[in-house]
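Just add 17 to the spot in the sequence shown (first one is 1) and you have the working numbering.
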Amino acid sequence: MRHRTRICLLLVSAFLYGGAAEAQEARAVRVTGDEPVVDGRLDDPAWDLAEPIRDLVQQNPDEGAIPTESTTVRFLYSDRDLFVAVRAFDSEPERIRGALTRRDAYAAADGITLYVDSYFDRRTAYEFTFNPSGARRDVFIYDDGAGRDDSWDPVYDWSTRVDSLGWTLEMRIPFSQLRFPTRDSLAFGIRIRRSINRRNEEANWPFFPRDQAGEVSQYGVLAGMNGVPAPRRLELLPYTAGAASVQPANPANPFEASGRSGSVRGGVDVKLGVTSGLTLDLTVNPDFGQVEADAAEVNLTAFESFFPEKRPFFVEGTNLFQFGFEPTEAFEFGGFRRGGQEGLVYTRRVGRRPQARPETDGYAEDVQQTTILGAAKLSGQLGNGWSIGLLQAVTSKEVAATVDAGGVMDEASVEPLTSYSVARIERSLSRGRLSYGATGTAVARRLDATAFDFLHDRAFSAGSDLSVRFGGDDYQFDVAAFGSRVEGSEEALTRTQRSAARYFQRPDNDYTTLDSSRTALMGFGGYAQVRKAQGFVTWKLRYTTRSPGFESNDLGFMRQADQHEQLAEVEFRWLRPGPVFRQFEWTIQEQASFTYGWERTRTAVESTVSGTFRNYWNVRLAVDQRFGTREVRLLRGGPSFRSPGELAVRLSARTDYRRPLSFSTSASRTTEYKSGVERWRTSGTVRFRPGRLAVSADVRGNWGREDRQYVTAATVGDSTYYVLGRVMRREVAITLRAEFAVTPRLSFEFYAEPFVSAGRYEALRLAANPLAPSYADRFSPLGSDRLSRAAGGADFAVDVDRDGGDDFTFGDPNFSVVSLRTNAVMRWEFLPGSTLFVVWQQNREDRSEDGDIWVMSALPDTFRATGANVFAVKISYWLGL
Numbered sequence: 018m019r020h021r022t023r024i025c026l027l028l029v030s031a032f033l034y035g036g037a038a039e040a041q042e043a044r045a046v047r048v049t050g051d052e053p054v055v056d057g058r059l060d061d062p063a064w065d066l067a068e069p070i071r072d073l074v075q076q077n078p079d080e081g082a083i084p085t086e087s088t089t090v091r092f093l094y095s096d097r098d099l100f101v102a103v104r105a106f107d108s109e110p111e112r113i114r115g116a117l118t119r120r121d122a123y124a125a126a127d128g129i130t131l132y133v134d135s136y137f138d139r140r141t142a143y144e145f146t147f148n149p150s151g152a153r154r155d156v157f158i159y160d161d162g163a164g165r166d167d168s169w170d171p172v173y174d175w176s177t178r179v180d181s182l183g184w185t186l187e188m189r190i191p192f193s194q195l196r197f198p199t200r201d202s203l204a205f206g207i208r209i210r211r212s213i214n215r216r217n218e219e220a221n222w223p224f225f226p227r228d229q230a231g232e233v234s235q236y237g238v239l240a241g242m243n244g245v246p247a248p249r250r251l252e253l254l255p256y257t258a259g260a261a262s263v264q265p266a267n268p269a270n271p272f273e274a275s276g277r278s279g280s281v282r283g284g285v286d287v288k289l290g291v292t293s294g295l296t297l298d299l300t301v302n303p304d305f306g307q308v309e310a311d312a313a314e315v316n317l318t319a320f321e322s323f324f325p326e327k328r329p330f331f332v333e334g335t336n337l338f339q340f341g342f343e344p345t346e347a348f349e350f351g352g353f354r355r356g357g358q359e360g361l362v363y364t365r366r367v368g369r370r371p372q373a374r375p376e377t378d379g380y381a382e383d384v385q386q387t388t389i390l391g392a393a394k395l396s397g398q399l400g401n402g403w404s405i406g407l408l409q410a411v412t413s414k415e416v417a418a419t420v421d422a423g424g425v426m427d428e429a430s431v432e433p434l435t436s437y438s439v440a441r442i443e444r445s446l447s448r449g450r451l452s453y454g455a456t457g458t459a460v461a462r463r464l465d466a467t468a469f470d471f472l473h474d475r476a477f478s479a480g481s482d483l484s485v486r487f488g489g490d491d492y493q494f495d496v497a498a499f500g501s502r503v504e505g506s507e508e509a510l511t512r513t514q515r516s517a518a519r520y521f522q523r524p525d526n527d528y529t530t531l532d533s534s535r536t537a538l539m540g541f542g543g544y545a546q547v548r549k550a551q552g553f554v555t556w557k558l559r560y561t562t563r564s565p566g567f568e569s570n571d572l573g574f575m576r577q578a579d580q581h582e583q584l585a586e587v588e589f590r591w592l593r594p595g596p597v598f599r600q601f602e603w604t605i606q607e608q609a610s611f612t613y614g615w616e617r618t619r620t621a622v623e624s625t626v627s628g629t630f631r632n633y634w635n636v637r638l639a640v641d642q643r644f645g646t647r648e649v650r651l652l653r654g655g656p657s658f659r660s661p662g663e664l665a666v667r668l669s670a671r672t673d674y675r676r677p678l679s680f681s682t683s684a685s686r687t688t689e690y691k692s693g694v695e696r697w698r699t700s701g702t703v704r705f706r707p708g709r710l711a712v713s714a715d716v717r718g719n720w721g722r723e724d725r726q727y728v729t730a731a732t733v734g735d736s737t738y739y740v741l742g743r744v745m746r747r748e749v750a751i752t753l754r755a756e757f758a759v760t761p762r763l764s765f766e767f768y769a770e771p772f773v774s775a776g777r778y779e780a781l782r783l784a785a786n787p788l789a790p791s792y793a794d795r796f797s798p799l800g801s802d803r804l805s806r807a808a809g810g811a812d813f814a815v816d817v818d819r820d821g822g823d824d825f826t827f828g829d830p831n832f833s834v835v836s837l838r839t840n841a842v843m844r845w846e847f848l849p850g851s852t853l854f855v856v857w858q859q860n861r862e863d864r865s866e867d868g869d870i871w872v873m874s875a876l877p878d879t880f881r882a883t884g885a886n887v888f889a890v891k892i893s894y895w896l897g898l
């Protein structure tokens, strides 16, 4: 019986992991004498002791070929540091290309990259990239290459040098900057990559095919590090900062009477190595004044906009806390792809703009964000493949000063004291091919019932997930289940049931019930996906679901509950270079989604072809056929509406992005069949990096008509009327960036985004019979006999029954917005890990209701709009103890 069990396990193992080659091995040698001096010369006697890696293999342009230039890599170690020396031979040293950039910026240049999987978990790694000018990029890699985090900024020494033989890289990485379990003999996953810009050549050690699933799981092994003691890891980063704001004075508003304000603040970040594999990060009164502002937008939907996290404390190392509603995609040929933005953890909730607005007939102080009193992260590995992550943050109660029309000063609560908690545990086995874990979140608020009866007292969510690659890494299976519970007052839970995520109040919703006496709501969700990730033909099948009661927006991000979604995709890939294309892909995808009442809300079929030419230019064409469905959220709580089908065509192209000058452009056209309206979107990007200076311009525009834009709803007697409009929209956003690197540690950055958006409503109509077979019969036009300007001319008045009386009014829906946001930063790392920031930020905006902007001519108006200028100085000092 025992032998049968062993044979069965061997057969299962062969099925799951068969075909996986043994990892190649390199060895590090202990320094017995003087340690190398990190100067890029590679003339220290210690380097003669190390056996070099020489056998790099091309991945591009000729996969599997011998590189055109040879490379040697050596490793040494001491009790405290890992030393690396790279000699990149070059037969034409005068053509070696370097580009001086700020830290973490990409440049079209020759390069050497070292990847270190110090945990040796085959899932996570640290990336160190350098070019001959000494510019560096350091990145934390997770999910076996599917995710990258460039906010990770370790403290280490490096030096590069160009000579008659080519160029060299020498570096010293303190073990305190890496994370690894304590063992008598250490082994790290390792990968070396060399790029030769003028030849578009990339060579790797170890070699693995471009279409290989996973990345970190394919690394070689760096062995031979014996007797390395657990490093002492305590880092302090105290800071002090001052800011001054200048904006137009408003004598009528006591909070803006002078137009000037200032502040001085301080805080500290702490990084403590609890064990060799666990790190505790603490922050007290964090400051993010140097972080770039979010892009401007005009959101006409019922759903919240998603903005990416940019604050360093919440970006660095938080990959372990991510739990999405769709599976995270592993590395695929042509780039890195991840699941959607939605998930259980969205750290932008912490320190958000206050959610309450003071009720006053006078003026109120504008509180921009909630103060983060403190936050802590404990993350790392426990051994035997187990990883753990704990995140805790507390934000303060915020009050806004007010003054009423009589001049009486008071204050109003705008955000309660809140605790945010996240816990994650995960295990990875079999060289990262099997992983499973669980996540839990909790939000607790201390509510003032009179001010915050619309918020939940407590909110909880939890989920577990499993991912396995099998069949020699050809196939991958992902599955997850998650649930939620929110608690609060009857008012808060009624608001949750009526929110855009679910609309329990819909009159044709016969499968959920709006219960105004509820004080708790529970829901669930999950996904399952199986995919073939390698070979000429790849495919995937996915199913996701979220019940009507599922709610995660207290700490997560979710637009819609109440949905089933199914996806099927097949892709054909020609990966070997041919006479025209270097690679070519053709993808066919089908999607369908339904509510829990089985109302079909989406059916679409899309075909995409993409090709990369021999010169690395790329072109992509997609045709998306969307069939008519029922829009259950168009009337925002009203009955569902039968929408017509539409056809979308998208075309994009880009030049070789590795060149100093590159371009990209795209255009799409969407045409609805029955309404005949069209929508266009275009974009274009130019990037130029001749040397130390890098400039880019990204232009995005869209114009066209929406035939069913929601305007308002009003109840008259026993009937509710829904006003829709055909709106002509025009919008242009230009993102300008410039960077200038004086040295690898001193740089200047500038960002500006002029933004113009206008919408004019050409026809206003009532939703009459939303499910009528004829598209025209679904509307009741609001002609001059029923629609007029209300008294004063600011609003519209509707006489539904034409009896001469106004039944309801609504504001003019036309809009015009001009906005300008800028951010200029001088960044100087005056000592390793210690940084001085000098920042100038600008935020200008004007709004009106004329809807009559000619977009291009309005762009200069963005510079004349009113707004605030903020000047700030921040200095942080790194202490490694």
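Just so you know, even glycine gets a beta-carbon here, dropped at the ideal spot from N, CA and C.
Going by the beta-carbon positions, is the gap between R535 and L558 smaller than 8 angstroms? In this structure, L558 does not lie closer than 8 angstroms to R535 by Cβ.
Three-state class that DSSP yields for S874 in the structure shown: DSSP, read as helix, strand or coil, puts S874 in helix.
By alpha-carbon positions, which one of A373, R463, D378 and G231 ends up nearest to T412? Of the candidates A373, R463, D378 and G231, the one whose C-alpha sits nearest the C-alpha of T412 is R463.
Among the residues of its own chain, which have a CB less than 6 angstroms from the CB of G400, if the five just before and after it don't count? Only P198 meet the Cβ criterion.
In chain order, what residues of the same chain lie with their CB nearer than 6 angstroms to the CB of S436, ignoring the 5 residues before and after it? Here the set comprises V411 and A461.
Please say whether R643 and W662 have beta carbons closer to each other than 8 angstroms? Note that residue 662 is Gly in the sequence shown here, rather than Trp. Yes, the Cβ-Cβ distance between G662 and R643 is below 8 angstroms.
Please tell me whether A116 and R706 are closer than 8 angstroms, where the distance is taken between their beta carbons. Yes, they are a contact pair.
What number of angstroms, rounded off, separates the C-alpha of D421 from the C-alpha of L538? Cα to Cα, the separation comes out at about 38 angstroms.
Name the residue from S202, Q194, D378 and Q385 whose alpha carbon lies nearest to the alpha carbon of L295. Nearest C-alpha to L295 among S202, Q194, D378 and Q385: Q194.
Which term fits G36, buried or exposed, when burial requires 16 or more other beta carbons within 10 angstroms of its beta carbon? Only weak support exists for where G36 lies, its pLDDT of 45 falling under 50; the coordinates are left without a value.
Close Cβ partners of G284 (< 8 angstroms) along its chain, the five nearest in sequence each way excluded: Cβ within range, chain order: P255, Y256, T300, V301, N302, P303 and D304.
By alpha-carbon positions, which one of D311, W403, F331 and D61 ends up nearest to S322? If we check each option's Cα against that of S322, D311 comes out closest.
Give the DSSP bridge partners of Q600, in chain order. Partner(s): T629.
Span of the alpha helix (DSSP H) holding V332? Here the alpha helix (DSSP H) through V332 covers P329 to V332.
Taking DSSP as the reference, what is the three-state secondary structure of S193? It is helical.
For S150, count neighbouring Cβ atoms within 10 angstroms of its own Cβ and tell me buried if that reaches 16, exposed if not. Sixteen is the threshold: when 16 or more other Cβ atoms of the shown chains lie within 10 Å of the Cβ of S150, as they do, the residue is buried.
Would you tell me roughly how many angstroms separate the C-alpha atoms of A122 and E432, rounded to the nearest one? Our two residues, A122 and E432, have alpha carbons roughly 37 angstroms apart in a direct line.
With DSSP as the reference, identify every bridge partner of F567, one or two as the case may be. F567 is not bridged to any residue.
Classify F320 as buried or exposed, calling it buried when 16 or more other Cβ atoms lie within 10 Å of its own Cβ. Around the C-beta of F320, fewer than 16 other C-beta atoms lie within 10 Å, and the residue is accordingly described as exposed.
Distance between G231 and D161 (C-alpha atoms, nearest Å): D161 and G231 have their C-alpha atoms spaced approximately 5 angstroms apart.
In terms of residue numbering, what span does the beta strand (DSSP E) encompassing T536 cover? Per DSSP, T536 belongs to no beta strand (DSSP E) and is neither H nor E.
Starting from the Cα of T292, find the closest Cα among D816, D60, N719 and R249 and give me that residue. The alpha carbon of T292 has as its nearest neighbour, out of D816, D60, N719 and R249, the alpha carbon of R249.
Please tell me whether, using a cut-off of 7 angstroms, the distance from the CB of D824 to the nearest non-hydrogen atom of the ligand HEM is below it. The ligand HEM is not among the ligands present in this structure, which contains no ligands whatsoever.
Please classify T85 as buried or exposed, where buried requires at least 16 other C-beta atoms within 10 Å of its C-beta. Exposed, by the Cβ-count rule.
Which first and last residues belong to the beta strand (DSSP E) in which A784 is found? Per DSSP, A784 belongs to the beta strand (DSSP E) from L763 to A784.
Quick test of your reading: S836 and D867, contact by CB under 8 angstroms. State the CB separation rounded to the nearest angstrom. Rounded, the Cβ-Cβ distance is 16 angstroms, inconsistent with contact.
Under the three-state reduction of DSSP, which class applies to A585: helix, strand or coil? In the displayed model, A585 falls within a strand according to three-state DSSP.
For Y492, list the residues DSSP reports as bridge partners. Y492 is bridged to F487 and K549.
Any idea if F92 is buried or exposed, counting beta-carbon neighbours within 10 angstroms, 16 or more meaning buried? The residue is buried, with at least 16 neighbouring Cβ atoms inside 10 Å.
If you run the structure through DSSP and keep just helix, strand and coil, what is Q372? Residue state, collapsed to three classes: coil.
Under the rule that 16 or more other beta-carbon atoms within 10 Å means buried, what is A550, buried or exposed? By the Cβ neighbour-count rule, A550 is buried, with 16 or more other Cβ atoms within 10 Å of its own.
Own chain residues within Cβ distance below 6 angstroms of G351, not counting five before or after: Caution is warranted here: a pLDDT of 36 is assigned to G351, below 50, making its placement in the model unreliable, and the coordinate value is therefore given only provisionally. In its chain, beyond the 5 residues on either side, no residue has a beta carbon closer than 6 angstroms to the beta carbon of G351.
Which stretch, first to last residue, makes up the beta strand (DSSP E) that contains R746? Per DSSP, the continuous beta strand (DSSP E) segment holding R746 begins and ends at S736 to T760.
Rounding to the nearest angstrom, what Cα-Cα distance links R189 and G57 in this structure? Spanning the two alpha carbons is a distance of roughly 11 angstroms.
For W184, count neighbouring Cβ atoms within 10 angstroms of its own Cβ and tell me buried if that reaches 16, exposed if not. A residue is called buried when at least 16 other Cβ atoms come within 10 angstroms of its Cβ; W184 meets this threshold and is buried.
Nearest CA to the CA of V416: which residue from V815, E359 and D383? Relative to V416, the option among V815, E359 and D383 whose CA is nearest is D383.
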